[in-house]
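Heads up: the sequence shown begins at 10 in the working numbering, then just goes up one per residue.
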Amino acid sequence: MSFLGPLKPITVDDDALRAHLESAEVPALLMTVAHLTGDLSVLREDLRAAGWLFAPQGGLSAEQRAAARETAFDALVRYRRAGSVPPPPPDRETLRRISGWAMGGDTEDTLPLLAEEIVLADQDPRAPRWRAEDLAAPAGGAPEGPRDPGAVRVSIIGAGMSGLLAGHRLAQAGVPFTIYEKNDDVGGTWLENRYPGCRVDVPSHLYSYPFANRSDWPDHFCTQDQLLDYFRAFAEEYGLYEHIRFGTEVREACWEEEHARWRLELCGPDGTRSVRSEVLVSAVGQLNRPKLPDIPGRERFAGPAFHSAAWDHGVPLAGRRVAVVGTGASAYQFIPEVAESAGELTVFQRTPPWLRPTPHYHDAVPPSTAWLYEHLPYYAAWHRFWLFAPGLRGVLEGWIVDPDHPPTERAVSAANDELRATLTRHMEAQLTDAPELLPLVLPRYPVGAKRVLRDNGMWLRTLRRDNVSLITEKISEITEDGVRTADGVLHEIDILIYGTGFAASHFLAPMRVTGIGGVDLHDTWDGDARAYLGLTVPGFPNLFCLYGPNTNLSGQGGSIFYFSECGVTYLLDAVRLLLESGRRSLDVKRDVHDAYNAWVDRANSERAWGWSKVSNWFTNEKGRSAQNWPFTAQEYWRRTRRVDPSDYETPDRPGRAADPAASSGKR
């Protein structure tokens, strides 16, 4: 594995250069060439991709792709002849023109965000621009000079995607930190979920830290083992292993008001112990606790039974009668794998998923893609932008409820209805020789009300296999011998697998967290988790939740990596504020928290997942979406760039002045 580093000069001959360009994602290639040459006329309207939301290569025809590659070839020959000197990042107008061409409209409002994205691979514009030892005491504070860099210590719970990033950023800033991880390695959900067929449904080149992207991703949508290798390599490359305490579970976190710090009760290899830190970061995520269905008799089944997130690889499936309960995202991936070996496979479906056409879902990345990333200036950045753009504009619009449509359980808007028709045609085309399946697999709820799954045809091919049965009758009970449905039929089986998702609404479970006055966080939430920006909770100072309430994307584009980056940027600015101002803690104001959550709730109620009555994991037991972010990815970036100190109660450190102006300094 190799992380992207400084660019290499182009030295290959013309034939090799042409061959490498065959691997390029053409829309990204054209944007790169326009940036590289300054000739924006290459962004021809007849080469603009109209199908960018669904199709690889934006749906461009073979003729269009050939014309674009020839344009790129001519430009790169000139670049090679001139010595392969990369240009500076695009200026504002160039950025606006290129992104506007790609997205088919004015992108003025996105330019500050895009300026952070379109940089060379070895640059890291979101790195903290301060060091703990350089933060001077504020005016009016104690006269001893620079602050002790160890004045703020950080404890991070979890060594998955968000926890590793938080650790790396804190290390860059020189802030002492420790990561506590209950497992024996890094990776979080990509360590724990090892079921057959497990892979990401976000493009690999986007599902990574932008400053540590790989040039050599094997697949367009990488498998669990490849992603786990990435996290291991990242932790090794950036020296994070020495900061991680593996096999250590945080049982309890208690805020000590007198000392303005957190006390953690740990259980690890050496038994139980207590540690303390000024800041606590929860990086345990949303999809970390398997959810088993509440079905009568579940404990009675006599054969092997397990959840997809705790796959029992010691149970042979070959020739056996296997049943799967659930057809969500995980089941959608492992059912085709199980069908290959099981003698009989019975799939119990409650509600079918909508399928998003993704013909290259299981395909390998062309071999020359790594060459393009390593030799072509800004191609990696423009490619990521191309993959990220739906999170800025394009997908979310199809989920928004239009009260004048009017919304129904068929569609919530005209755009949503058009999308429904497109996806229906995609499914119908796969079932021309099995029309009896269509009414069983065609959803009856609006697109976006549940997670939309990527589809390259494997799912419906699997359901058409002779050894696979799809059962849509409701399950009434589980017996010693099998699964009984409401029609009285007992489906006898040997092995039972649950593909029933996670207890996503149970944030920070099962640890006990107590804040000011000993108030219990889970009692406060009462099954309905809320946080300001998904990060902070009133009465729980200096606690930051990464991938917290209402920070999940639902098909808008982007990735959870992006939301982790935003949350970690905010966390680092909060640590800076504590160090620079001398304040003891940050406790979000109740009115700020409540107004924010009211705003999020209103928007969620006006999205397909909040309006529809279909069951989904986005909605908790209270009937509210505690998971989803209902706005664009850009909106979250905008709100998390910097801490607004007026949003927080900020008690002083003893002997320090409360100077609000101190918070507006450097990051």
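Backbone N, C-alpha and C define an ideal beta-carbon position, used for all residues, glycine too.
This structure is a prediction, so every number in the text was calculated from the model and none was measured.
Query: Could you give the C-beta distance for F315 and I480, rounded to a whole number, given that I count them as a contact under 8 Å?; Result: F315 to I480, Cβ: 20 Å. No contact.
Query: So the candidates are F240, L215, G400 and P219; which of them puts its Cα closest to the Cα of D228?; Result: L215
Query: Which same chain residues, not among the five before or five after L552, have their C-beta less than 6 Å away from its C-beta?; Result: L289
Query: Tell me which residues share the same chain as L174 and place their Cβ nearer than 6 Å to its Cβ, disregarding the 5 neighbours each side in the sequence.; Result: S573 and V577
Query: From which residue to which residue does the alpha helix (DSSP H) around I344 run?; Result: A338 to S350
Query: With C-beta atoms as the reference, is A76 less than 9 Å away from A168?; Result: no
Query: So, with DSSP's three-state summary, where would you put V163?; Result: strand
Query: Count the CB pairs spanning the segment 229 to 237 and the segment 203 to 211 that are closer than 8 Å, and state whether there are at least three.; Result: yes
Query: Roughly how many angstroms lie between the CA atoms of G277 and V21, to the nearest whole one?; Result: 54 Å
Query: From A180 to G109, what distance separates their C-alpha atoms?; Result: 37 Å
Query: Per the contact definition of three or more C-beta pairs closer than 8 Å, is the segment 453 to 460 in contact with the segment 622 to 642?; Result: yes
Query: When we look at the beta-carbon of L45 and count the other beta-carbons within 10 Å, is it buried (16 or more) or exposed?; Result: buried
Query: Take Y247 and list the residues in its own chain whose beta-carbon comes closer than 6 Å to its own, dropping the five residues that flank it on each side.; Result: H177
Query: Going by other Cβ atoms of all chains shown within 10 Å of its Cβ, with 16 needed for buried, is D24 buried or exposed?; Result: exposed
Query: Do you know whose CA, among N202, M112, L586 and P134, lies nearest L56's CA?; Result: M112
Query: Relative to the alpha-carbon of R616, which residue among A512, E418 and F230 has its alpha-carbon at the smallest distance?; Result: E418
Query: Whole angstroms are fine: how far does the CA of L144 sit from the CA of R138?; Result: 11 Å
Query: Taking C-beta to C-beta, are T355 and A332 nearer than 9 Å?; Result: yes
Query: Using a threshold of 9 Å, state whether the C-beta atoms of G67 and V35 are closer than that.; Result: yes
Query: Within this structure, are the beta carbons of P558 and A538 separated by less than 9 Å?; Result: yes
Query: According to DSSP, simplified to helix, strand and coil, what is D596?; Result: strand
Query: Evaluate A604 with the Cβ neighbour count: other Cβ atoms within 10 Å of its Cβ, from every protein chain shown; 16 or more gives buried, anything less gives exposed.; Result: exposed
Query: Assuming E274 contacts E265 under a Cβ cut-off of 8 Å, what Cβ separation, rounded to an integer in Å, is found between them?; Result: The pair is not a contact, with the Cβ atoms about 12 Å apart (cut-off 8 Å).
Query: Using a Cβ-Cβ cut-off of 8 Å (strictly less than) and excluding sequence neighbours within five positions of R27, which residues of its own chain qualify?; Result: R78 and F82
Query: Can you tell me which of G256, V163 and W199 puts its alpha carbon nearest to the alpha carbon of V184?; Result: V163
Query: State yes or no: is the C-beta of G312 within less than 9 Å of the C-beta of L505?; Result: yes
Query: Comparing C-alpha positions only, which one of E658, N425, M436 and V528 sits nearest to S621?; Result: N425
Query: Given a cut-off of 9 Å on the beta-carbon distance, is the pair L432 and R330 in contact?; Result: no
Query: How long is the line joining the alpha carbons of V609 and G466, rounded to whole angstroms?; Result: 36 Å
Query: If you reduce the DSSP assignment to three classes, tell me which class W620 lands in.; Result: helix
Query: Which residue comes first and which comes last in the alpha helix (DSSP H) that contains W646?; Result: A642 to R648
Query: Give the secondary structure of I304 by DSSP, where H, G and I count as helix, E and B as strand, and everything else as coil.; Result: coil
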